[in-house]
Amino acid sequence: MVILRLLSERSAVFISRACIWVYKPSSSPATLLSTKLPFLSHFYYLLPSPVIMLDRSTLMLKHYGTDDPEKVKAIIEEDKKAAHRIPDNKLVKMPFPYYAPSDSLPPIPTPEDVENALTPEYLRSNREGSWADVFRINTVYAVKFSQNNKLLQEAENLLFLQEHEIRTPKVYAVFSHQGADPLGYLKRRLRKTWTRSTLPTYYYLVMDFVDGVGLNDNSWQDFTLEARMKIYDKIGEQVRLLRSIPPPNPSYYGRINYQGYHPYDMIIGPTRDLVGPFNTYKAFLDHLYNNFESNLAGKLTRDGSEIKATHQLFSSNFFDCFDESSKSGEPKLSHMDLKLENMIFVPSASNPSNRVEDYDVWIIDWEYLCWYPAWAEAAAARQQLPRHHTDECVEAEWGVSRGIKPFYSAQARFFGECRFAFGGTFC
1 MVILRLLSER SAVFISRACI WVYKPSSSPA TLLSTKLPFL SHFYYLLPSP VIMLDRSTLM
61 LKHYGTDDPE KVKAIIEEDK KAAHRIPDNK LVKMPFPYYA PSDSLPPIPT PEDVENALTP
121 EYLRSNREGS WADVFRINTV YAVKFSQNNK LLQEAENLLF LQEHEIRTPK VYAVFSHQGA
181 DPLGYLKRRL RKTWTRSTLP TYYYLVMDFV DGVGLNDNSW QDFTLEARMK IYDKIGEQVR
241 LLRSIPPPNP SYYGRINYQG YHPYDMIIGP TRDLVGPFNT YKAFLDHLYN NFESNLAGKL
301 TRDGSEIKAT HQLFSSNFFD CFDESSKSGE PKLSHMDLKL ENMIFVPSAS NPSNRVEDYD
361 VWIIDWEYLC WYPAWAEAAA ARQQLPRHHT DECVEAEWGV SRGIKPFYSA QARFFGECRF
421 AFGGTFC
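For the sequence shown, full-length UniProt numbering begins at 1 and goes up steadily by one.
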């Protein structure tokens with residue numbers, strides 16, 4: 001190691017091929033024993049602003065322990081697999097399986113009921129990119145099912161929200177089952193070697209079927225600007241209620257029940273394992289920046305390019321834009337997937353109007369619910385709301401800003417630019 005310069009009488013900067021470190025000696029003597037992680041407790045990543053990124057090889061060594069591109073690619077692939085192998089009991093703290101039947105409703109649907117609900121029309125539908133499916137059973141139940149156990153996190157989130165005033169479907173059951181064929185693999189002979197005993201395990205979430213009107217980017221074009229703003233106001237009302245739910249402590253960032261973020265979290269991911277929770281905004285930002293570097297190392301490895309001025313620009317301004325002392329960093333409970341397809345509009349009991357903009361809005365798909373910095377919901381909404389053209393993007397940002405006050409547009413936009421430049425879950 002080589003000392004670059006003294007910061008003060010009590011700290012100095014060191015640089016190795018893999019990392020930049022700050023040494024802050026305590027009152028007790030300390031010696032540098034190793035250049036491998038973990039270091040002595042007095043050594044930390046150097047994350048002030050400006051941050052100057054080093055070359056591609058250095059980033060690869062720092063985050064993957066090798067500068068061999070093929071080895072880095074192999075590590076990334078293994079990380080992706082590991083992210084899907086997290087055990088159920090590590091992913092959630094809720095009781096599982098969970099049953100809360102209602103005497104006034106039909107029996108809770110079984111996996112066989114779900115399999116029998118499969119229709120030829122659904123088989124022909126385009127499900128590309130879908131990680132979960134939803135069937136209506138006995139007219140009153142919506143059964144969401146998936147091979148991905150992150151469905152358990154959505155169930156846990158819904159049970160938490162049932163204790164608050166947010167409009168969400170009631171949960172009646174959460175369970176897993178192996179042997180049913182809800183997507184008709186055997187009927188369609190899509191997996192010719194599969195039998196009942198080799199079918200995958202599915203996770204099932206049984207909840208209220210919310211009967212209403214759904215929207216998408218195309219149907220959105222049929223509404224006037226005035227109607228669209230009314231809809232945004234109704235979405236904003238639910239978002240404000242959500243953001244009013246306090247975290248476990250004033251500087252907490254993570255999931256409910258003191259749990260870490262999912263590996264494919266929209267802001268902090270992708271990672272190979274649960275991340276956090278964090279008890280300071282600084283800890284959250286340090287991990288976010290470190291993950292941006294890791295994403296970039298992987299991105300540069302795939303395309304064989306080098307660090308560009310764009311990367312240096314966002315890197316050197318990162319900690320200035322996300323100022324630790326700013327209220328934009330306060331933790332707010334956030335949905336993080338506010339696209340139109342995740343809204344159901346239900347006729348209001350207090351308003352006889354038959355116009356959709358006068359209906360009550362129910363928000364669905366709660367798997368990403370977490371406490372994030374106040375700017376994060378705005379950053380996600382900019383990606384998810386209608387954006388066919390520039391004017392519509394600005395309109396969506398204006399609309400959602402009516403419900404998120406204050407609306408931290410600068411931080412949201414900066415995050416989006418960083419995510420695009422470095423790579424990540426949004427890209």
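All C-beta atoms in this analysis are idealised placements derived from N, C-alpha and C, irrespective of residue type, glycine included.
Between tyrosine 261 and glycine 269, the CB-CB gap stays under 8 Å. Leucine 241 and proline 107 have their alpha carbons spaced roughly 33 Å apart. Annotation for isoleucine 344: the continuous beta strand (DSSP E) segment containing it runs 343-346.
In the three-state scheme derived from DSSP, where H, G and I count as helix and E and B as strand, histidine 311 is classed as helix. For the 8 Å CB-CB criterion, tyrosine 203 and asparagine 149 form a contact. Closest option to tryptophan 362, judged by alpha-carbon separation, among Ile307, Met343, Pro352: Met343. By the Cβ criterion, the stretch 298-314 is not in contact with the stretch 330-340, since fewer than three pairs of Cβ atoms, one from each stretch, lie closer than 8 Å. Look at tryptophan 375 here: in three-state DSSP terms it is coil, with no helix or strand label. Tryptophan 371 and proline 247 have their C-alpha atoms spaced approximately 7 Å apart. For threonine 201, the secondary structure class from DSSP, reduced to helix, strand or coil, is strand. Comparing alpha-carbon positions, the option among Asp88, Trp375, Leu159, Tyr359 lying closest to aspartate 323 turns out to be Trp375.
Per the DSSP secondary-structure output, histidine 177 pairs in a beta bridge with Tyr202. Counting the other Cβ atoms within 10 Å of the Cβ of proline 182 gives 16 or more, which makes it buried. Bounds of any alpha helix (DSSP H) do not take in phenylalanine 322, whose DSSP letter is neither H nor E. The DSSP-derived three-state label of glutamine 147 is coil.
With contacts defined as CB atoms closer than 8 Å, leucine 369 and asparagine 157 qualify as a contacting pair. Its Cα nearest to that of valine 140, the residue Ser102 stands out among Ser102, Asn317, Glu165, Thr280. By alpha-carbon distance to arginine 188, the top candidate from Pro120, Ser350, Asp217 is Pro120. Taking C-beta atoms under 8 Å as the contact rule, tyrosine 359 and glycine 214 fail to qualify, at a distance of about 11 Å.
Taking the Cβ atoms as the reference, asparagine 291 lies roughly 7 Å from threonine 271, within the contact range of under 8 Å.
For arginine 355, there is no enclosing beta strand (DSSP E), as DSSP gives it neither H nor E. Around the beta carbon of alanine 173, 16 or more other beta carbons sit within 10 angstroms, so the residue counts as buried.
Assigned with DSSP and collapsed to three states, valine 92 falls in coil, not helix or strand. For leucine 300, the number of other beta carbons within 10 angstroms of its own is at least 16, and it is reported as buried.
Excluding sequence positions up to five before and after serine 409, its CB lies within less than 8 Å of the CB of Ala378, Glu397, Ser401, all in the same chain and listed in chain order. Classified as buried, tryptophan 366 has 16 or more neighbouring CB atoms from the shown chains inside 10 Å of its CB. For threonine 168, the closest of Thr201, Met207, Glu77, Thr66 by C-alpha to C-alpha distance is Met207.
Around the Cβ of arginine 56, a 10 Å sphere holds 16 or more other Cβ atoms; the residue is buried. Under the three-state reduction of DSSP, serine 401 is assigned to helix. The beta carbon of lysine 332 lies closer than 6 Å to those of Arg243, Ala374 in the same chain, with the five residues before and after it left out.
Around the Cβ of lysine 405, a 10 Å sphere holds fewer than 16 other Cβ atoms; the residue is exposed. Here serine 326 carries a coil assignment [DSSP, helix/strand/coil]. As computed with DSSP, proline 248 is found in no beta bridge at all.
Residue burial annotation: proline 95 is exposed, with fewer than 16 other C-beta atoms found within 10 angstroms of its C-beta. Selection Gly399, Ser326, Thr310, Arg355 evaluated against cysteine 418 yields Thr310 as nearest (Cα-Cα).
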